[in-house]
Amino acid sequence: MAHKYTIKSEGGKRYLFFDYRGSPFTPSIADVPETMAEVIEVLKRTDADLIVLADVYERVYDEEQAEMLKQISDLSQTFEKEGVWTYSALGGDKAECQQFLQQRYNTISTIGRTQLLQDPIQAYMNLINVIRQEKSQAATMASEFKYCSDVYLNTLNFMLQEFETTKLIQKFKFILKKLGKLPPGRDIYRSIFETQIKPSFISSRVFFATPENIELIDQYNVLDATINIYKHPEKIQYLYYVDPPEYNLSPEKYFLLTKTKELVASFHPEGLRFMSPTEVKEYFISAYESTIADLAKKNSIKITGKEIEELARIVARYTVGYGMMELLLSDRRLTDVYMDAPLGLKPVYIVHSDYGSCQSNVVFTESEAKSVISRFRSQSGRPFDEAHPVLDFDMPDLQTRVAVIGPPLSPDGTAFALRLHKETPWTLPQFIDVKMMDSLTAGMLSFFIDAQASTLVNGSRGSGKSSLMMALMLEILPSLRIIVQEDTMEIPVPYMRSLGYNIQRLKTQSAISVSRTAAEVSPEDALRTALRLGDSVLIVGEVRSQEAKVLYEAMRVGAVGNVVMGTIHGENAYSVWDRIVNDLGVENTSFKATDIVVTCAPVRFGGSLRRHRRLIEITEIGKKWYDDPEKEGGLVDLITFDTATDKHILMEKNLERSEMFPRMAKKRGLTVDQLWQDIQARAETKNYLVEKKREHDIPDLLEGAYTVPANDKWLLLLEQQREVHGSVDYDEAVRDWKKWVDENQVTELLSRRTPGA
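So the sequence shown is numbered by the working numbering: it starts at -7 and just counts up by one.
As structure tokens, this is what we get:
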């Protein structure tokens, strides 16, 4: 029975799809001779880069396997064209040769027509045996029959040479040499035609075959999937392999999945537009659970409640979710996910927080991209077409920033760049723990925030500048009101509210003009609005263009009246000045409203392939210069970084040039030495949390849920000493604070380990 087939193009590749739904047997090129023959016959009429046999599952045969089958198809046509079974090829037209022709015809026809299509390796083996037998018989033939045998042997040898040019036979000979014997039945095909099997409703492809000699270096779970990290001895990148649960289900569960997806395809209940994406998903999961339970009951399939929930979540992922993309974005150890055009050609490229850039085993396809983009357009209210080839969008349910590009901007097709936001913001103790900074640097930054210093954090993309700014935000007093302005919602405002912060977010129009809508407010207008919302700490997600003038005007005249922080692309304090003054048009006198510039950078120690984020500079912006701050000594480095030793260095001589410390001391009625006691005490408290985290293996101690209350307690202890003694004894305050941390936070976290606690 011939099955329907179609050709589909994906990622510049031609896919030959065979529809085996309803077939009485499971399609397999390796196991079923009729399937192999059917595929080879179709390849006589069309070309394909990959072959897909589809029923409940889809069996995908890669380019190498498709090429092997195409060569066998071409070989069959070569035999037809050369007429290897014609009488002239079987022995000639002489009368004495007539007696051999019928038997030879039957032999060659069986090998070159039937066996070649169904079992080409056996056809090759049989051909070798026929040649051996014919040579043996020719040695004893009478001279008048010698001509008949020579013609026949020429034909047989021609066929043998053609067989041996094919990759299938070459691979067979390699395996045979390695094994030393021929495997029974069709086992040899199972090793040659290993297939990628996936559910038919999943568009993306996942391949599981791993190269030889790779080393498994990490394994963990995301949702119900297993993540394996491999190190390849001959590749720079690590391998990031996902093993989704939907690829490891029984046939009965696949049946339930497929039927459920078919039944719910037209299910569009009213009222969903008033729900958040998370609420919509939970609603559908509940509906899918009922559908799966009913299907299981009707089809007498035994299934537990937990299994029903697992299947419902899988269906939801591929109907109201983001498919395979959702699984990747649920791994919060990833920082970036890239899907380059043309989709379907190369695996997804990811950046891992621990292992850097990695190649995944997931191939995202154009068909799945269309489904995901449709959801993006619906949620964002933004267009995406040839007139608007860029879609900039925040996925609040997965804390991810999405940038999608398409034709004509991307002539090769649609491409995605996804930036995952940390669910909880970094904290200064966490940065100490990963060596981005030392404790003294953290103490200094904490002091600057408390002293309401206007701060710009600069660095290249991926340097950690946004993460550092979020950590500095957690040093702000929770009693202060915060206004956050950003075009992409990176700052975890809901989390900060849960910690007790009074915070208002302003969402501005996208920085990408073609991705904007008329309803969005420009950054400069949003900033003017922020300045009219009362006395507040002002956080600008990224200083990009015209809003810089508004910001500095406000800072200069004191309209902000509190901490001002923002990020900007740059490589040091001088480059920040150069960009703000010369590129963005801010006056020098206005730029002097900046107190501190903090620089972050990814560092490759010793030229290593791995990058490590480090704070490399804290620079004070002096006020007594006019034209060029670098030439006139207006840039005072307070902290620098020594790459050779991976250590931060306090520039003690430069402290004598500082204008800021005397100014802050005067403002507080303290001496500069007393300010440094404050900084060093803050450094000791930050470092103590890190020590306790390492001592007891309690990473939660460094999360904002613990560092913010610890900061509050520290400030309360200082305030109590001022009220009682009129001054602060920092040694006593540190002792009392450490005791509080031990008795409250450390004890609580350790108690969670106790069974039943």
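Note that beta-carbon positions come from the ideal geometry of N, C-alpha and C, so glycine has one too.
- For alanine 522, the enclosing alpha helix (DSSP H) covers residues 515 to 522.
- Ranked by Cα distance from tyrosine 566, the options Phe583, Tyr310, Gly14 are led by Phe583.
- Residue pairing by DSSP puts phenylalanine 10 in a beta bridge opposite Tyr(-3), Leu45.
- Residue pairing for valine 738: DSSP places it in no beta bridge.
- Between the alpha carbons of leucine 61 and isoleucine 184 lies a gap of roughly 11 Å.
- Two segments are said to touch when three or more pairs of C-beta atoms, one from each, lie closer than 8 Å; by this definition the stretch 285 to 293 touches the stretch 238 to 255.
- Secondary-structure assignment with DSSP links isoleucine 397 through a beta bridge to Val382, Ala407.
- In the assembly as shown, glutamine 94 is an exposed residue. Its beta-carbon has fewer than 16 other beta-carbons within 10 Å.
- Residue pairing by DSSP places glutamine 211 opposite Asn220 in a beta bridge.
- The three-state reading of DSSP puts isoleucine 475 in strand, counting E and B together.
- Between isoleucine 219 and tyrosine 230, the CB-CB gap reaches or exceeds 7 Å.
- Nearest to aspartate 723 by C-alpha distance, out of Ile180, Trp706, Gln351, Gly626, is Trp706.
- Around the CB of glutamine 57, 16 or more other CB atoms lie within 10 Å, so the residue is classed as buried.
- Here DSSP, grouped into helix, strand and coil, assigns methionine 428 to coil.
- Beyond the five residues adjoining it in sequence on each side, valine 214 comes within less than 6 Å, by CB distance, of Ser322, Asp323 in the same chain, given in chain order.
- Excluding residues up to 5 positions away in sequence, Leu321 lie with their Cβ nearer than 6 Å to the Cβ of leucine 390 in the same chain.
- Per DSSP, reduced to three states, the secondary structure at glutamine 188 is strand.
- For phenylalanine 633, the three-state secondary structure derived from DSSP is strand.
- Distance check between arginine 524 and each of Gly14, Arg745, Gln496 places Gln496 closest, using alpha-carbon atoms only.
- For phenylalanine 71, the CB contacts under 6 Å within the same chain, skipping 5 residues up- and downstream, are Gly104 in chain order.
- Exposed is the label assigned to glycine 598, since fewer than 16 other Cβ atoms lie within 10 Å of its Cβ.
- Looking at Ser268, Ile295, Gly405, Glu301, the one whose alpha-carbon comes closest to that of serine 278 is Glu301.
- Here the C-alpha atom of histidine 640 lies approximately 16 Å from the C-alpha atom of glutamate 612.
- Boundaries of the alpha helix (DSSP H) around lysine 362: 358 to 372.
- Short of 7 Å from the beta carbon of lysine 730, and not among the five residues preceding or following it, lie these beta carbons of its own chain, in chain order: Tyr680.
- In this structure leucine 498 touches isoleucine 475 by the C-beta definition: roughly 7 Å separates them, less than 8 Å.
- Judged by DSSP in its simplified three-state form, histidine 413 adopts coil rather than helix or strand.
- Rounded to the nearest whole angstrom, the CA to CA distance from leucine 35 to glutamine 63 is 9 Å.
- The Cβ neighbour count for asparagine 149, taken over all protein chains shown within 10 Å, is under 16; the residue is labelled exposed.
- Spatial neighbours of glycine 435 in its own chain (CB-CB distance under 7 Å, excluding positions within 5 residues in sequence) are listed in chain order as Ile671, Gln672, Arg674, Ala675, Lys678.
- Between the stretch 421 to 435 and the stretch 344 to 351 there are fewer than three C-beta pairs closer than 8 Å, too few to call the two in contact.
- The beta carbon of serine 192 sits closer than 8 Å to the beta carbons of Ala46, Asp47, Val48, Tyr49, Glu50, Thr250 from its chain, once the five residues preceding and following it are set aside; these are given in chain order.
- Nearest neighbour of glutamate 238 by Cα position, chosen from Phe385, Arg309, Glu226, Asn205, turns out to be Arg309.
- Rounded to the nearest whole angstrom, the CA to CA distance from serine 438 to phenylalanine 376 is 43 Å.
- In chain order, Thr559 place their CB closer than 6 Å to the CB of glutamate 534, counting only its own chain and leaving out the 5 sequence neighbours on each side.
- DSSP, reduced to helix, strand and coil, places isoleucine 64 within a helical segment of the structure shown.
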